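In our numbering, the protein residues as written are 24 to 202. Cβ atoms here follow ideal geometry from the backbone N, Cα and C, with glycine treated the same way. The structure displayed is predicted, hence computed values, not measured ones. Quick notes on the structure that follows.
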C-alpha cells in the first residue's frame, strides 16, 4: 500500500491524500447478529463509538460495558469511545425531545465540529476501515453522517459507506413473528 501523500490547504493545514473507506452504523433496531455481521462483512477494523451516552442498559449489547469485548471476540475489531465528535448534551437533548428540527440540529452541531477542530484528532489511517457508531439506525438524521461529511474536505478521497439494515421501526427485537 503506498504511503499517503501530504498536501496543504490555503491556511497551511496538512491534508492527506488517501484512498479508503469510513463506515458508519447505528445500533438501534438491530439484533447483535445483524450488527456484528454488517461490521465483519464490511471489513471494519475499528469502531469509533461517537455516542455521547453509551452506558444505558437500554442499549443492550452495544452498551460500553459489553461492546469492546464483543467486538474483539466476535469480529476481531478494536473499539474506541470518541466523545469529541459527539453532540453536547444540550444539542442532543433538544433534538431527542423534539425542541429543534433536524436543520436546526445541523446548524448547531456543524459549528461545534469546527470549533473542536476534530480533524486534528484523527489520522487518515485511523479512519480508513473505521466505523462511526451511533444509536440512530438511519444515517440521514444522525450526527455520524455529519461527522463523516465534515472529514471530506480534509480527506476528499476517503469514501463513506453507511452500513444499514436491521429491524423495521414497528418491531422490537423481542417481537415474535409467529401469530
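Quiz item: Would a C-beta distance cut-off of 8 Å place residue 109 and residue 75 closer than the cut-off?
Solution: Residue 75 sits close to residue 109, with the two beta carbons spaced by under 8 Å.
Quiz item: Sorted by chain position, which residues of the same chain lie with C-beta nearer than 6 Å to residue 69's C-beta, five sequence neighbours on each side aside?
Solution: Closer than 6 Å at Cβ, skipping near neighbours: 101 and 153.
Quiz item: Buried or exposed: residue 50, going by 16 or more other Cβ atoms within 10 Å of its Cβ?
Solution: Residue 50 comes out buried.
Quiz item: residue 119 to residue 188, Cα distance in whole Å?
Solution: Their Cα atoms are separated by approximately 22 Å.
Quiz item: Can you name, in chain order, every residue of its own chain whose Cβ lies under 6 Å from the Cβ of residue 159, other than the five neighbours on each side?
Solution: Taken in chain order, the residues that qualify are 49 and 165.
Quiz item: How is residue 114 classed by DSSP in three states: helix, strand or coil?
Solution: Residue state, collapsed to three classes: helix.
Self-check item: Buried/exposed call for residue 125, threshold 16 Cβ in 10 Å
Solution: By the neighbour-count rule (16 or more Cβ atoms within 10 Å), residue 125 is not buried but exposed.
Exercise. Helix, strand or coil for residue 58, going by three-state DSSP, please let me know.
Key: In the structure shown, residue 58 falls within a helical segment according to DSSP collapsed to helix, strand and coil.
Quiz item: Going by C-alpha distance, which of 103, 173, 105 and 132 is nearest residue 113?
Solution: When each option's Cα is compared against that of residue 113, the closest is 132.
Quiz item: For residue 73, which residues of its own chain have a beta-carbon under 8 Å away from its beta-carbon, when the five flanking residues on both sides are left out?
Solution: Here residue 73 has 105, 106, 108, 109, 155, 156, 157, 166, 167 and 170 as same chain residues with Cβ atoms under 8 Å from its own Cβ, once five neighbours each way along the sequence are excluded.
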